[in-house]
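First up is the structure itself, then whatever we jot down about it.
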Amino acid sequence: QVQLVESGGGLVQAGGSLRLSCATSGFFFSRYEMCWYRQAPGKERELVAGITGIGLSTNYLDSVKGRFTISRDNAKNTVYLQMNSLKPEDTAVYYCSVVQYSRAYWGQGTQVTVSS
């Protein structure tokens with residue numbers, strides 16, 4: 556059974572940093588690309604960052620490039636999102652996700668709120 560559990564969200568002032576974690580279980584972690592998404596109130600969910608199975612390739616939403624870094628620890632079955640220089644527009648619920656056999660799995664999300 557695939558399980559994804561996000562943590563690390565919170566309230567931070569603009570310019571601050573947070574590190575999100577997503578602990579996973581129930582699948583062969585290192586074989587799958589992992590992604591972080593976010594959804595702000597009244598907006599659609601958007602892809603923030605992705606990382607391939609062994610971490611050799613990453614991709615980012617243009618608005619977070621240079622500020623966010625996605626990484627993974629395959630020994631711990633965990634994916635991370637380091638967020639620096641946070642802006643109020645980064646406020647959203649952040650989700651990690653994996654696609655297995657054409658089905659997307661999601662965690663419960665973690666709230667990130669950036670005050671100005």
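Here the numbering used here runs 555 ahead of the position in the sequence shown, where the first position is 1.
Think of the CB as a built atom: it goes at the ideal place given N, C-alpha and C, for glycine as much as any other residue.
Since the structure is predicted, the reported quantities are computational estimates derived from the model, not experimental observations.
Exercise for review: Taking the CB atoms as reference points, tell me whether A604 and L566 lie closer together than 9 Å.
Suggested key: Counting from 1 along the sequence shown, the entry for residue 604 is found at position 49. Counting from 1 along the sequence shown, the entry for residue 566 is found at position 11. No; because the gap between Cβ atoms is not below 9 Å, this pair is not in contact.
Output the boundary residues of the beta strand (DSSP E) element that contains R658.
The count along the sequence shown starts at 1 and reaches residue 658 at position 103. For R658, the enclosing beta strand (DSSP E) stretches over residues R658 to W661.
From which residue to which residue does the beta strand (DSSP E) around S626 run? One-based indexing of the sequence shown puts residue 626 at position 71. For S626, the uninterrupted beta strand (DSSP E) segment begins and ends at F623 to D628.
### Message
Pop quiz: T673 and V648 are said to be a contact at Cβ under 8 Å. What is the actual Cβ separation, rounded to whole angstroms?
### Response
The shown model of the chain, from 556 to 671, leaves out residue 673, and the question about it has no answer.
For the beta strand (DSSP E) that V557 lies in, which residues bound it at each end?
Along the sequence shown, read from residue 1 onward, the residue named residue 557 stands at position 2. Counting along the chain, no beta strand (DSSP E) covers V557, and no H or E run does either.
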